[in-house]
Amino acid sequence: TVDQQPSGMAINSAGNLALVAHRNSGTIGVLEIDGKAVTMVQSLDMGEQVASVAITPDGDRALVTKFSSHKIAVLDIKQGKVSYDPKLDMPVGLWPYNVQITPDGELALTADNGNSGRSDGHVDTVSVIDLSVNPPRVIDRVVVGDAPEGLAISPRGDIAVAVLLKGSAGIERDSWVYNRNGSVIVLEINGKSVLPTAEVEVRGLPEGAVFSPDGSYLYVGNFVDSDISVLKVDGRSVHNTGTLVKLP
1 TVDQQPSGMA INSAGNLALV AHRNSGTIGV LEIDGKAVTM VQSLDMGEQV ASVAITPDGD
61 RALVTKFSSH KIAVLDIKQG KVSYDPKLDM PVGLWPYNVQ ITPDGELALT ADNGNSGRSD
121 GHVDTVSVID LSVNPPRVID RVVVGDAPEG LAISPRGDIA VAVLLKGSAG IERDSWVYNR
181 NGSVIVLEIN GKSVLPTAEV EVRGLPEGAV FSPDGSYLYV GNFVDSDISV LKVDGRSVHN
241 TGTLVKLP
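Mapping of the sequence shown onto this note's numbering: position 163 corresponds to residue 163, and the numbering continues sequentially without gaps.
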């Protein structure tokens, strides 16, 4: 049993600790993993809605999206105990929904959803956080398009993708904001530089995205169409194969 409305989860690289972001209760649940046994050992009050969480590769820190205050919180992890210092909160773009960390632990990216999580036709951003310095800090905001929600970083760490809702759900069809399909923005990562390089159309209300373990494919979940778009990754280029995996 965890707290109310679990929204995001991350497991450390050692596989013995998980963090769960609970939107309704505004807490981070700390779960101890021992084989097949999972026990909630701590509930950390964040003071507001939290949407997602990511753990650094070394397992020493975590980042949490504070949705309504447009900030990223930094958690300290020591011997299974998690602590939070609000003074380390970082301001990012409006309504950050997702956060991901590069495989080398040097950078973090946030999907700044904008407009309380709904498309409005205006551009939003991906914030870039430098984790190589202490304390971590925001070093850039990259304009990507309308309502980035899903976010994923390749296992190789050379590209990331931001998934745009782009007016593909909850919008009247005669509105200028409306689009039948959302899209994926490809972001090229070079050191601490993050730049958009391409936009790839997918299907209606795309939300989640994940790379295959070897980074050669990207899978995007389309909520409205109840299917998964299969995209091929060639180097730093991404293209839609047209293959759709239908979900029940």
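All C-beta atoms, glycine included, are put in the ideal place defined by N, C-alpha and C.
| query | Cβ atoms of S168 and G150: under 8 Å apart, would you say? | reply | no
| message | Going residue by residue through the region 127-156, where are the continuous beta strand (DSSP E) segments of at least 3 residues, counting only ones entirely within it? | response | 137-145, 148-153
| message | Comparing C-alpha positions only, which one of V30, G15, E201, V184 sits nearest to V210? | response | V184
| query | Going by other Cβ atoms of all chains shown within 10 Å of its Cβ, with 16 needed for buried, is W95 buried or exposed? | reply | buried
| query | Among A37, S25, S43, T56, which residue has its Cα nearest to the Cα of A10? | reply | T56
| query | In this structure, does DSSP put N115 in helix, strand or coil? | reply | helix
| message | Between which residues of its own chain and D140 is the CB-CB distance below 7 Å, once the five residues before and five after are set aside? | response | V128, V194
| Backbone secondary structure at L247 - three-state DSSP | coil
| request: Note down the Cα distance separating A37 from S13, rounded to an integer number of angstroms. | output: 17 Å
| said: Excluding the 5 residues flanking G26 on each side, which residues of the same chain have their C-beta closer than 8 Å to its C-beta? | reply: D45, M46, G47, E48, Q49, V50
| message | Would P86 pass as an interface residue toward chain B - the criterion being a Cβ-Cβ separation below 8 Å? | response | Annotation note: the requested chain B is absent from the structure, which comprises a single protein chain.
| Distance, N134 Cα to R118 Cα | 34 Å
| query | I think G121 touches D104, with their Cβ atoms under 8 Å apart; what is that distance to the nearest whole Å? | reply | Their Cβ separation, rounded to whole angstroms, is 36 Å, which puts G121 and D104 out of contact at 8 Å.
| D3 to N98, Cα distance in whole Å? | 19 Å
| task | Name, in chain order, the residues that DSSP records as bridge partners for A162. | result | L151, I185
| request: Give me the Cα-Cα distance between M90 and H70, rounded to the nearest whole angstrom. | output: 9 Å
| Contacting residues, own chain, Cβ-Cβ under 6 Å from S226 (five flanking each side not counted) | L247
| message | On the DSSP letters alone, give me the boundaries of the beta strand (DSSP E) that G171 sits inside. | response | For the sequence presented, residue 171 should be read as Ile rather than Gly. From DSSP, I171 is part of no beta strand (DSSP E); its letter is neither H nor E.
| task | Compare the Cα-Cα distances from V238 to each of K192, S7, T197 and report the closest residue. | result | T197
| Buried/exposed call for S229, threshold 16 Cβ in 10 Å | buried
| query | Is K87 helix, strand or coil when you go by DSSP? | reply | helix
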